[in-house]
Amino acid sequence: QVQLVESGGGLVQPGGSLRLSCAASGMNVRLNNMGWHRQGPGNQRELVARIRSSGTSNYADSVKGRFTISRDNAKNTVYLQMNSLKPEDTAVYYCNVETLIGDGYWGQGTQVTVSS
189 QVQLVESGGG
199 LVQPGGSLRL
209 SCAASGMNVR
219 LNNMGWHRQG
229 PGNQRELVAR
239 IRSSGTSNYA
249 DSVKGRFTIS
259 RDNAKNTVYL
269 QMNSLKPEDT
279 AVYYCNVETL
289 IGDGYWGQGT
299 QVTVSS
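The opening residue of the sequence shown carries number 189 in this note's numbering; numbering runs sequentially from there.
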């Protein structure tokens with residue numbers, strides 16, 4: 189059974205930083221693209237950042253230059269380093285492992301709240 193466990197969310201002041209982690213078990217994610225998505229209050233879920241199996245990545249315009257996605261295949265883990273956080277970054281952040289068929293695998297989500 190594949191499980192994704194996210195960690196690292198919390199409450200942070202504007203301008204602060206957080207690092208999210210997502211550890212996968214039950215499968216080897218080395219050949220899979222992985223991503224972080226978020227869903228803020230009243231909003232649809234949106235892609236924040238995506239890293240391919242090759243290591244290349246892309247970002248939503250709203251987070252470019254502030255967020256960095258990375259992966260450690262040896263640890264079966266993907267990370268999201270979030271700097272210069274803004275109140276509008278407040279959301280539940282979800283880790284996703286893409287698969288060729290279907291919607292892939294999803295974590296349970298971790299809350300990020302940016303507030304003074």
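Even for Gly, the Cβ is constructed at its ideal location relative to N, Cα and C.
Count the other CB atoms within 10 Å of the CB of N216; is the residue buried (16 or more) or exposed (fewer)? Position 28 of the sequence shown, counted from the start, is the residue given in the question as residue 216. With a threshold of 16 other beta carbon atoms within 10 Å, N216 falls short and is exposed.
If you measure between the beta carbons of G295 and V200, is that distance less than 8 Å? Taking the sequence shown and counting its residues from 1, one reaches residue 295 at position 107. Taking the sequence shown and counting its residues from 1, one reaches residue 200 at position 12. No, the Cβ-Cβ distance between G295 and V200 is not below 8 Å.
Do the region 296-304 and the region 244-264 make contact, defined as three or more Cβ pairs closer than 8 Å? Taking 8 Å as the limit for Cβ pairs, the verdict is that the region 244-264 does not touch the region 296-304.
Got a sec? Which residues, its chain only, sit under 6 Å from E286 by beta carbon, not counting five neighbours each side? Reading the sequence shown from its first residue, position 98 is the one you call residue 286. Beyond the five residues adjoining it in sequence on each side, E286 comes within less than 6 Å, by CB distance, of N220, N221 and G292 in the same chain, given in chain order.
For D260, name the three-state secondary structure that DSSP assigns. Residue 260 sits at position 72 when you count from the first residue of the sequence shown. DSSP places D260 in the strand class (E or B) of the three-state scheme.
Could you compute how far the alpha carbon of Y267 sits from the alpha carbon of C210? The residue labelled residue 267 in the question sits at position 79 within the sequence shown. The residue labelled residue 210 in the question sits at position 22 within the sequence shown. Computed Cα separation, rounded: 6 Å.
DSSP state of V251 mapped onto helix, strand, coil: Stepping through the sequence shown from its first residue, residue 251 is reached at position 63. For V251, the three-state secondary structure derived from DSSP is helix.
Should A279 be labelled buried (16 or more other beta-carbon atoms within 10 Å of its own) or exposed? The count along the sequence shown starts at 1 and reaches residue 279 at position 91. Taking all protein chains in view, the Cβ of A279 is crowded by 16 or more other Cβ atoms within 10 Å, so the residue is classified as buried.
Start-to-end residues for the beta strand (DSSP E) that takes in G223: Here residue 223 refers to the residue found at position 35 of the sequence shown. Residues M222 to Q227.
Residues bridged to V300 [DSSP beta-bridge criterion]: Here the question's residue 300 lines up with position 112 in the sequence shown. DSSP output for V300 lists G198 and A279 as bridge partner(s).
Which residues share a DSSP beta bridge with I289? To locate residue 289, count along the sequence shown from 1; it is residue 101. Looking at the DSSP assignment, I289 forms no beta bridge with any residue, so it has no partner.
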